[in-house]
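Asks:
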Ligand code: SF4
C-alpha cells in the first residue's frame with residue numbers, strides 16, 4: 001500500500017524542483033499574481049540584475065490596493081499612487097505580462113479576479129505579494145502570500161524557496177446555526193486558536209460545514225487562514241469546485257479538461273493520512289461573531305460580553321492597551337454600541353453572495369442617519385452582477401450607494417480612510433490599530449452583521465432582522 | 001538584492017515589550033507607495049512614534065535617546081499580519097540588523113531572512129531577562145553570534161542558543177540571496193516546467 005498523503009502533501013510534493021540539504025525546498029509556482037504595491041521593487045530587482053521574466057504567461061497583474069473607488073475614469077489624484085500604478089503598467093508591458101489595470105473590464109481585487117477567470121485551479125501552486133493569497137486555497141490549491149524578494153524570485157525563476165510547513169486539519173462538524181455565515185466560522189476558529197495558533201502550519205479545512213459551504217464561502221474561510229498565523233488554508237476539491245471552475249477563461253477545455261478533472265479527483269486527503277495537529281469544532285457552538293479588539297483573534301459571539309483581562313492567558317497589558325485603543329471596557333456588551341461607518345467589501349467579503357446577504361437585510365429598511373456606508377464590490381464582474389440581479393436597486397432604495405471595485409478601506413491606502421476615533425463595522429480581515437486609517441476603530445464581522453449595523457446605526461444581532469424561513 | 005554579511009553583532013538593544021506587534025504598526029499601509037526600496041526607516045512604527053501633526057510622541061521608545069543600537073527586542077508573536085516586505089525593510093532601513101522575540105510570525109521571519117535582518121527566537125524566560133537587563137541598564141550590550149547561533153548578555157555572560165535553518169544561515173554568513181541560488185539551477189527549473197500542465 002502506498003504512503004497515505006494529505007491534500008497538502010500531494011500538491012506540495014508534485015511541485016518540488018529540488019530539495020536543498022538542510023534547507024528549504026525549491027518550489028515551482030504555477031500561477032503568480034502581482035499588484036501595484038508589492039511588485040515595483042521586485043521588477044526593479046530583475047532590471048538591476050539584467051534578467052527577464054522567465055515565464056511571463058504565468059504572471060497576472062491587476063491594480064487594486066491603491067486605486068480610488070470613485071471616479072475611476074479620471075486620472076488618479078494622489079501622485080504616489082499614480083506612480084505605482086504607472087510602474088505596474090509599464091512593467092507589465094515591458095515583460096509581456098497580462099495586465100488588468102484601472103478601468104479594465106476584468107479589473108478587481110487580485111484574490112477576487114483570480115477565481116473569476118479560472119486563473120485559480122485545483123492542485124496548483126499560487127503566490128502573490130499579499131498575505132490573503134490564502135483565499136485561493138478554497139479550490140484545493142496551495143496558495144500563500146510572499147514578500148517582495150520572493151516576488152522577484154518568481155519573476156526571475158518561477159520558483160521560490162520554502163521550507164515545508166507542518167500540517168493541521170481543522171474539522172467543523174454539524175449544521176450551522178441560523179444567521180451564521182462562513183465569516184463567522186472563520187472568526188470563531190481564530191478566536192479559539194488565537195492569531196498565532198496556526199503559525200508554522202498549513203491548514204486543511206474539513207468536515208460537514210465546509211462540504212456544505214459554497215465556493216465563495218470557502219474562499220472567505222481560506223482567506224482568513226492567515227489571521228491565525230497559518231501559511232495558508234485549503235479545502236479538498238469536489239463537484240462544487242469543478243462546477244465553479246468549468247468554462248472560465250483560463251481553465252482547460254475539451255480533452256485537457258477531462259484530464260485535469262481526473263487528476264484533481266485524486267487530490268483529496270487519503271483516508272488514514274496523518275496531520276501534525278488535528279482539531280475539531282462543533283458547528284452548534286458558533287454564533288454570529290464580532291471583534292472588539294485590535295487583532296482578529298479578539299472576537300466573540302455577538303451576544304456575549306467582552307472578556308475580562310484575567311481570563312486572557314498572558315499579555316494583560318497588551319490586552320488592556322488594545323481595549324483602550326478601542327475605548328471599550330472589560331465586560332461591556334457589544335450589542336447596542338454606536339457605530340459610524342460600515343464597510344462591505346475586500347477579498348474576504350466582497351463577492352456577490354456577500355452583497356446578496358447584505359441586501360437581504362437592508363431590503364425595505366433605511367440606512368441609519370449616523371452611518372457612512374462604503375459598499376465596494378471586489379471586481380467589475382461582481383459589480384455587474386449586483387446591477388443585473390437587482391441588488392443595486394434594493395441598496396439605492398435603502399439609501400446606499402455603490403462604489404467602484406478595489407481594496408478600499410480594507411487597508412486604507414487610497415482615500416477610503418475611517419477617521420480617527422470612529423467605529424467601523426467592517427467585513428474585511430484586519431482590525432489592527434490604524435489599519436483602516438490612523439486612529440480608526442474596526443469591528444470585524446460578516447455581511448449580515450454589517451447590514452444590521454448599517455440600518456440600525458449600532459451593533460445589532462442580525463437574527464433580529466431576519467425571517468427564519470428565508471435564511472436557509 | 002544581496003546584502004551585508006552577518007557574522008557577529010555586538011550592540012545595545014531597543015526594548016519594545018509589546019505582544020502581537022503587527023506589520024501595520026511596523027509600517028502603516030499608507031507608507032507603502034514607493035516604487036523603490038528607500039526611506040522606509042523614517043516611517044518605522046510611524047503611528048506609535050509620531051502624533052498626527054508629525055511631532056514625536058513622548059514616551060515611545062524610539063524617541064527616547066537613552067535607547068539605541070542595532071538590535072530590536074519585541075514581545076511575543078512579533079510581525080504578525082501582512083506579507084509586506086516593507087515591514088522588514090523599515091526595520092533594516094532604520095538601522096536594526098537583528099530582531100529578538102520569543103515568537104515570530106512566519107512571513108515576517110522569512111522576509112527578514114531574505115533581506116539580511118536576523119530574527120533571533122529565544123525562550124520566554126530569556127526574553128524576560130533581556131528586557132530586565134535593558135531596564136536596569138539601557139547601555140547593556142548583547143552579542144549575537146550567527147556562526148555559533150548564540151545570543152549573550154555581555155554583562156553577566158548569560159547565553160542562549162537559537163535555531164536557524166542551515167541554508168539560510170549560510171546565506172546570511174556569506175551575504176548571498178536566494179535568487180543567486182535559483183539562477184544557478186535555471187536549467188533544472190526549465191526541465192521541470194516542461195511537463196507541468198499549467
Ligand atoms: S482586499 Fe485587503 S486583504 Fe484583500 S488583497 Fe486587498 S488589501 Fe489585501
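Protein chains in written order, with our numbering: chain X, 1 to 472; chain E, 1 to 198.
Think of the CB as a built atom: it goes at the ideal place given N, C-alpha and C, for glycine as much as any other residue.
Just to check, is the beta-carbon of residue 426 of chain X closer than 8 Å to a non-hydrogen atom of ligand 1?
Replies: False, no ligand heavy atom lies under 8 Å from that Cβ.
Asks: Which residue's Cα is closest to the Cα of residue 323 of chain X: X:42, X:153, X:292?
Replies: Comparing Cα-Cα distances from residue 323 of chain X to each of X:42, X:153, X:292, the minimum goes to X:292.
Asks: Candidates X:147, X:112, X:217: which alpha carbon is nearest residue 176 of chain X's?
Replies: Residue X:217 is the option with its Cα nearest to residue 176 of chain X.
Asks: Does DSSP classify residue 25 of chain E as helix, strand or coil?
Replies: Helix at residue 25 of chain E.
Asks: Any beta carbon of chain E sitting closer than 9 Å to that of residue 38 of chain X?
Replies: Output row for residue 38 of chain X: interface = yes.
Asks: In chain E, which residues lie with their C-beta within 7 Å of the C-beta of residue 506 of chain X?
Replies: What the structure shows of chain X is the stretch from 1 to 472, and residue 506 of chain X is not part of that stretch, so it cannot be assessed.
Asks: Taking only runs of the alpha helix (DSSP H) that begin and end inside the segment 184 to 265 of chain X, which ones reach a length of at least 4 residues, in chain order?
Replies: Correct list: 208 to 212, 215 to 223, 239 to 245, 254 to 264.
Asks: Between which two residues does the alpha helix (DSSP H) harbouring residue 84 of chain X extend?
Replies: Where residue 84 of chain X is concerned, the enclosing alpha helix (DSSP H) stretches over 79 to 95.
Asks: Indicate the three-state DSSP secondary structure (helix, strand or coil) for residue 149 of chain X in the structure shown.
Replies: Looking at residue 149 of chain X - three-state DSSP - the assignment turns out to be helix.
Asks: Is residue 347 of chain X near ligand 1 - that is, is its Cβ less than 8 Å away from at least one heavy atom of it?
Replies: Yes, ligand 1 has a heavy atom inside 8 Å of this Cβ.
Asks: With the cut-off set at 9 Å, would you say residue 376 of chain X and residue 351 of chain X are in Cβ contact?
Replies: No; because the gap between Cβ atoms is not below 9 Å, this pair is not in contact.
Asks: Please name the residue in X:456, X:62, X:405, X:309 whose C-alpha comes closest to that of residue 91 of chain X.
Replies: Comparing Cα positions, the closest option is X:62.
Asks: Taking 9 Å as the threshold (beta carbon to beta carbon), is residue 193 of chain E in contact with chain X?
Replies: So, interface residue.
Asks: Step through the CB atoms of chain X and report whether any lies within less than 9 Å of the CB of residue 123 of chain E.
Replies: For residue 123 of chain E, the answer is no, since every Cβ of chain X falls outside 9 Å of its Cβ.
Asks: Contact between the segment 411 to 422 of chain X and the segment 430 to 437 of chain X: three or more CB pairs below 8 Å?
Replies: Yes, they touch.
Asks: Could you give the distance in angstroms between the alpha-carbon of residue 471 of chain X and the alpha-carbon of residue 135 of chain X?
Replies: Only weak support is given to the placement of residue 471 of chain X: the predicted model assigns it a pLDDT of 46, under 50, and the value that follows is read from those uncertain coordinates. Answer to the nearest angstrom: the Cα atoms are 25 Å apart.
Asks: What residue ranges within the segment 424 to 463 of chain X form continuous beta strand (DSSP E) runs of no fewer than 3 residues, ordered along the chain?
Replies: Runs of the beta strand (DSSP E) inside the segment 424 to 463 of chain X: 441 to 444.
Asks: What residue from X:445, X:70, X:19, X:21 has the CA that sits closest to residue 401 of chain X's CA?
Replies: The shortest Cα separation from residue 401 of chain X among X:445, X:70, X:19, X:21 belongs to X:70.
Asks: Under 8 Å: does the beta carbon of residue 350 of chain X sit that close to some heavy atom of ligand 1?
Replies: The answer is yes for residue 350 of chain X.
Asks: On a Cα-Cα basis, can you pick out the residue from X:164, X:393, X:67, X:96 that is closest to residue 84 of chain X?
Replies: For the residues X:164, X:393, X:67, X:96, the minimum Cα distance to residue 84 of chain X belongs to X:67.
Asks: Please specify which runs of the beta strand (DSSP E), each continuous and at least 3 residues long, are wholly inside the segment 309 to 344 of chain X, giving them in chain order.
Replies: For the segment 309 to 344 of chain X, whole beta strand (DSSP E) runs of length 3 or above, ordered along the chain, are 341 to 344.
Asks: For residue 82 of chain E, return the contacting residues in chain X, with the cut-off set at a CB-CB distance below 7 Å.
Replies: In chain order: 131.
Asks: Is residue 54 of chain X near residue 138 of chain X, with beta carbons less than 9 Å apart?
Replies: Result no, Cβ atoms of residue 54 of chain X and residue 138 of chain X do not sit closer than 9 Å.
Asks: If we ignore side chains and look at the alpha-carbon of each, how far apart do residue 204 of chain E and residue 38 of chain E end up?
Replies: An answer regarding residue 204 of chain E cannot be provided, because it is not within the stretch 1 to 198 covered by chain E.
Asks: Measuring only the C-alpha atoms, how far is residue 333 of chain X from residue 301 of chain X?
Replies: Cα to Cα, residue 333 of chain X sits roughly 10 Å from residue 301 of chain X.
Asks: Is the CB of residue 149 of chain E under 9 Å away from at least one CB in chain X?
Replies: So, not an interface residue.
Asks: Indicate, with yes or no, if ligand 1 has a heavy atom lying under 8 Å from the CB of residue 429 of chain X.
Replies: True, at least one ligand heavy atom lies under 8 Å from that Cβ.
Asks: What are the residues that DSSP puts in a beta bridge with residue 145 of chain E?
Replies: E:8, E:150, per the DSSP bridge assignment.
Asks: Name the chain X residues whose beta carbon is nearer than 9 Å to that of residue 47 of chain E?
Replies: Within chain X, the residues near residue 47 of chain E are 433, 434, 438, 439.
Asks: If we ignore side chains and look at the alpha-carbon of each, how far apart do residue 8 of chain E and residue 97 of chain E end up?
Replies: Going by the C-alpha atoms only, they are around 11 Å apart.
Asks: Report all residues from its chain with a CB closer than 7 Å to the CB of residue 250 of chain X; omit the five preceding and five following residues, and keep chain order.
Replies: Excluding residues within five positions, the ones whose Cβ falls inside 7 Å are 117, 118, 119.
Asks: DSSP three-state label for residue 114 of chain E, please.
Replies: Looking at residue 114 of chain E - three-state DSSP - the assignment turns out to be helix.
Asks: Suppose the cutoff is 6 Å on Cβ atoms and the five residues either side in sequence are ignored; what does the same chain contact list for residue 150 of chain E look like?
Replies: So the list reads 159, 161, once near-sequence residues are dropped.
Asks: Throw me the rounded Cβ distance for the residue 339 of chain X and residue 423 of chain X pair, which I believe falls under 8 Å.
Replies: The pair is a contact, with the Cβ atoms about 4 Å apart (cut-off 8 Å).
Asks: Could you name each continuous alpha helix (DSSP H) segment of 4 residues or more that falls completely within the segment 28 to 81 of chain X, going from the start of the chain to the end?
Replies: Complete alpha helix (DSSP H) runs here, min 4: 40 to 49.
Asks: Closest to residue 466 of chain X by C-alpha separation, out of X:74, X:247, X:77, X:358, would be which residue?
Replies: Closest by alpha carbon: X:358.
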